[in-house]
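Everything below concerns the one structure shown next.
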Amino acid sequence: MHQKSKFHAMAALLAAGLVTGCASAPEGNGDSNDPMEGMNRKFYNFNDALDRNFFEPVARGYVKVTPDPVRSGVSRFFNNASYLNVIANDLLQGKPTQLAQDTGRFVVNSTVGVGGLFDPATKLGMPEHDEDLGQTLGTYGVGEGAYLVMPMMGPNSLRDLPGTAASVLLNPINYLSFPITFPLGALAAINTRANLLEASSIRDQAALDPYTFVREAYRQQREFKIYDGNPPNDDFEEYFESEADAAILKIY
Amino acid sequence: MFKLLSLTLALLVTLVCAPLARAAEARQTVEILHAALLEAMKGGAELGYEGRRKQLAPVLNEVFDFQTISRLVTGRHWAGMSEAQREEFVDVFAQLSAATYAENFDAFGGEKFETRASEKKKNAEVVRTVLLAPDGDEVSLNYLLAEQGEAWRIVNVIAEGVSDISLKRTEYAAVIGREGVGGLIAKLRAKVASYESKKP
């Protein structure tokens, strides 16, 4: 794979969050926000087995037989189809500039961009944004709620759960007739998994305890997104505020 | 004439010694790291994994404060570790960092690093940078540095909002809880070995 995809793989892994990894017993942890860890780990292992035995091999096959430009077009198509969700959340978060850009982006890419297969909007000054209902609730001050892993789904939290439903409801593909929706849905799933292949191999390579790795990465990444890349404490001060760590710094 | 000569000399000395001198500013430390990463990327396949690792390891040892990082990632368990265990941990952690960088920064496709800002946070400094892909995509990389004597050294990396120390601390706590510190160190060693065995 080329270089760029590797760097983005990490971000993609965190963004879409893969639910896979190997079996391990739960361990109590104070600030991990995971009261349902026992159940979560069971579903995580179930998802992981399903992924390794089905989705991942299928995604690899898809990558093998599909030329890169076609895959990029497919990715853009599904991104565009899910874009009403972004626009709705621009509105809910009171971001007028972004709302205007994203509305323009959806219109331009759906028409000139042939149903979203191409992305002329970015070059016209309408960049892609990443918003969802979970982020909106975060900006409203709703706490993250317990971490959640459910069968056949990526990492989630009580705060992000309504957004998962909203993104389905706001995707026009789901309103087409079943003979169209079903194969498109399958392609969407395979495409999503294919885009995460590099990310999952990084996870497999880097993680000592994949369940914990995915959970922590997901939680931090969500916080980062809620603040559009500028979280207030950035995890910077934490290490320099507690007494123990202040003591550590005095050792210099 | 003499003036010009001494000026030229002074300039030369500054130019030659600047990268060698211990970074007086936090952003310089980060930029030394980024320059080394770019070099590894450009060396890519020609250097091979082992070549990149050998090239990066001494730079990482210079710019990262692995001692402090080790304390922070092991959290409350550090206190219970013997001196020998601590040394072993710092050593294997540094090895793993070099292996991870060598594995992932393996090819160059026109990327560049850009320092965007540098700001004081209590007794530390945050340097905000991005990795820019040729197509305009950005990956946010923020560094937290602490001052050690004259030099600033990196104690945390935050990539796209994910703090390396927080992530590792939670993960390591889970492993220590099940397998103890010895188990964690063994796992880290196995990781280093897995990077090595993957590449020629």
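Going down the list, the sequences are from chains A and B.
Going by our numbering, the first residue of the first sequence is number 1, and it counts up by one from there.
Going by our numbering, the first residue of the second sequence is number 1001, and it counts up by one from there.
Using N, Cα and C, we set each Cβ at its ideal position, and we do this for glycine too.
Neighbourhood of residue i by C-beta distance below 6 Å, restricted to the same chain and skipping five residues each side
| i | result |
| --- | --- |
| B/M1154 | Residue identity differs from the one stated: residue 1154 of chain B is Ile in this sequence, not Met. Closer than 6 Å at the Cβ level, and outside the excluded window around B/I1154, lie V1063, F1064, Y1143, L1145. |
| B/A1102 | Y1049, R1052, R1053, L1056 |
| A/F213 | A207 |
| A/D55 | According to the sequence shown, residue 55 of chain A is Phe rather than Asp. Same-chain partners within the cutoff: R193. |
| A/Q93 | T136, T139 |
| B/T1068 | V1155 |
| A/V70 | none |
| A/P162 | L133 |
| A/D160 | G134 |
| B/L1188 | V1092, L1096 |
| A/N169 | Residue 169 of chain A is actually Leu in this sequence, not Asn. Taken in chain order, the list of residues that qualify is empty. |
| B/R1033 | The residue you asked about is not Arg; residue 1033 of chain B is Leu in the sequence shown. Excluding sequence neighbours, B/L1033 sits near V1063. |
Where residue i meets chain A, residues with beta-carbon distance less than 9 Å
| i | result |
| --- | --- |
| B/G1180 | What B/G1180 touches in chain A: nothing, since even the nearest Cβ is about 12 Å away. |
| B/T1100 | Q205, A206 |
Under 7 Å by beta carbon: chain A residues contacting residue i
| i | result |
| --- | --- |
| B/K1112 | Simply none; closest approach about 12 Å. |
| B/S1118 | Result: empty, since nearest Cβ-Cβ is about 13 Å, beyond 7 Å. |
| B/S1140 | G229 |
Interface partners of residue i on chain B, CB under 9 Å
| i | result |
| --- | --- |
| A/E104 | One point to set straight first is that residue 104 of chain A is Gly, not Glu, in the sequence displayed. Here the premise fails: no neighbours, minimum Cβ distance about 18 Å. |
| A/Q135 | Those do not exist, as A/Q135 stays about 12 Å from chain B at its closest Cβ, beyond 9 Å. |
| A/Q221 | E1160, G1161, V1162 |
| A/S157 | Going along chain B, no residue has its Cβ under 9 Å from A/S157, so there is no contact; the nearest lies around 15 Å. |
| A/G116 | Neighbours of A/G116 on chain B: none; closest Cβ ~18 Å, over 9 Å. |
| A/G163 | Correct list: empty, because the minimum Cβ distance to chain B is about 18 Å. |
| A/F224 | S1140, I1158, E1160, G1161, V1162 |
Own chain residues within Cβ distance below 7 Å of residue i, not counting five before or after
| i | result |
| --- | --- |
| B/R1116 | R1128, T1129, V1130 |
| B/L1141 | T1129, V1130, L1131, V1157, A1159 |
| A/T181 | I173, N174 |
| A/S5 | Below a pLDDT of 50, predicted positions are generally treated as unreliable, and A/S5, at 42, falls in that range; no measurement from the model is reported. |
| B/A1021 | Note that B/A1021 scores 44 on pLDDT, short of 50, meaning its location in the model is unreliable; the coordinates nonetheless yield the value given after this. Nothing meets the Cβ criterion. |
| B/Y1172 | V1073, T1074, L1184 |
| A/I226 | Q135, G138, T139 |
| A/V58 | I190 |
Integer Cβ distance of residue i from residue j, believed to fall under 8 Å
| i | j | result |
| --- | --- | --- |
| A/A121 | B/L1167 | Actually they do not touch by this definition, with Cβ atoms about 34 Å apart. |
| B/K1042 | B/F1093 | Wrong, their Cβ atoms sit about 27 Å apart, outside the cutoff. |
| A/A166 | A/L133 | 5 Å |
| A/Y147 | A/R203 | Contact doesn't hold; Cβ gap of about 17 Å is too wide. |
| A/N47 | A/P210 | Going by Cβ atoms, the distance from A/N47 to A/P210 rounds to 11 Å, so no, they are not a contact pair. |
| A/E144 | A/R222 | 7 Å |
| A/V108 | A/L91 | That pair is no contact at about 19 Å. |
| B/S1163 | B/R1027 | Rounded, the Cβ-Cβ distance is 19 Å, inconsistent with contact. |
| B/E1196 | B/W1152 | Going by Cβ atoms, the distance from B/E1196 to B/W1152 rounds to 31 Å, so no, they are not a contact pair. |
| B/V1192 | B/Q1085 | Contact flag wrong, Cβ pair sits at about 17 Å. |
| A/N89 | A/E131 | 4 Å |
| B/G1149 | B/P1134 | Wrong, their Cβ atoms sit about 39 Å apart, outside the cutoff. |
| A/I190 | A/Y62 | 5 Å |
| A/F224 | B/G1044 | Rounded, the Cβ-Cβ distance is 30 Å, inconsistent with contact. |
| B/F1105 | B/A1035 | In fact, because the Cβ distance is near 12 Å, the residues do not count as touching under 8 Å. |
Nonlocal neighbours in the same chain, by C-beta distance under 8 Å from residue i, ignoring five residues either side
| i | result |
| --- | --- |
| A/F77 | G115, G116, L117 |
| B/S1097 | L1060, F1064, F1066 |
| A/P26 | Any reading at A/P26 must be qualified, since the residue scores a pLDDT of 38, below 50, and its modelled position is unreliable; no value is offered. |
| B/K1112 | L1038, L1131, L1132 |
| A/G21 | Per-residue confidence for A/G21 stands at a pLDDT of 31, beneath the threshold of 50, marking its modelled position as unreliable; the derived number appears in the next sentence. If we look at A/G21 and ignore the five residues flanking it on each side, its Cβ neighbours are Y44, N45, D48, R203, A207, D209, P210, Y211, F213, V214. |
| A/G113 | R76, N80, D119, P120, A121 |
| B/A1081 | Just to set this straight, residue 1081 of chain B is Met in the shown sequence, not Ala. These residues qualify, in order along the chain: T1074, F1089, V1181. |
| B/V1030 | V1063, T1115, V1127, T1129, Y1143, L1145, I1154 |
8 Å Cβ cut-off: residues of chain A touching residue i
| i | result |
| --- | --- |
| B/K1187 | L208 |
| B/L1167 | F213, E216, A217, Q220 |
| B/V1175 | L208, D209 |
Within chain B, the residues that residue i reaches when beta carbons sit closer than 8 Å
| i | result |
| --- | --- |
| A/P151 | Ordered by position in chain B, no residue passes the 8 Å Cβ test against A/P151, which lies about 23 Å from the chain. |
Chain B residues whose Cβ lies nearer than 7 Å to that of residue i
| i | result |
| --- | --- |
| A/S32 | T1170 |
How about the region 180 to 198 of chain A and the region 1081 to 1093 of chain B: do they share at least three Cβ pairs that are nearer than 8 Å? no
So, does the region 132 to 150 of chain A touch the region 95 to 104 of chain A, judging by three or more C-beta pairs under 8 Å? no
Going along the chain, which unbroken runs of the alpha helix (DSSP H) with 4 or more residues stay wholly within the region 146 to 170 of chain A? When DSSP assignments are scanned along the region 146 to 170 of chain A, the uninterrupted stretches of alpha helix (DSSP H) that are 4 or more residues long and fall wholly within it turn out to be 161 to 169.
Hey, is the region 1069 to 1078 of chain B in contact with the region 1168 to 1188 of chain B, meaning 3+ C-beta pairs nearer than 8 Å? yes
Quick check on the DSSP output: what are the complete beta strand (DSSP E) runs of length 3 or more inside the region 1060 to 1130 of chain B, in order along the chain? 1112 to 1121
Suppose only complete runs of 3+ residues qualify. What are the beta strand (DSSP E) ranges in the region 163 to 235 of chain A, listed by chain order? You should have found no qualifying run.
What are the uninterrupted segments assigned as alpha helix (DSSP H) that are 4 or more residues long and contained completely in the region 100 to 147 of chain A, given in chain order? 120 to 123, 133 to 139
Quick check on the DSSP output: what are the complete beta strand (DSSP E) runs of length 3 or more inside the region 1141 to 1170 of chain B, in order along the chain? The DSSP assignment places 1151 to 1159 as complete runs of the beta strand (DSSP E) inside the region 1141 to 1170 of chain B, in order along the chain (cut-off: 3 residues).
Alpha helix (DSSP H) runs wholly inside the region 1035 to 1064 of chain B, at least 4 long, in chain order: none
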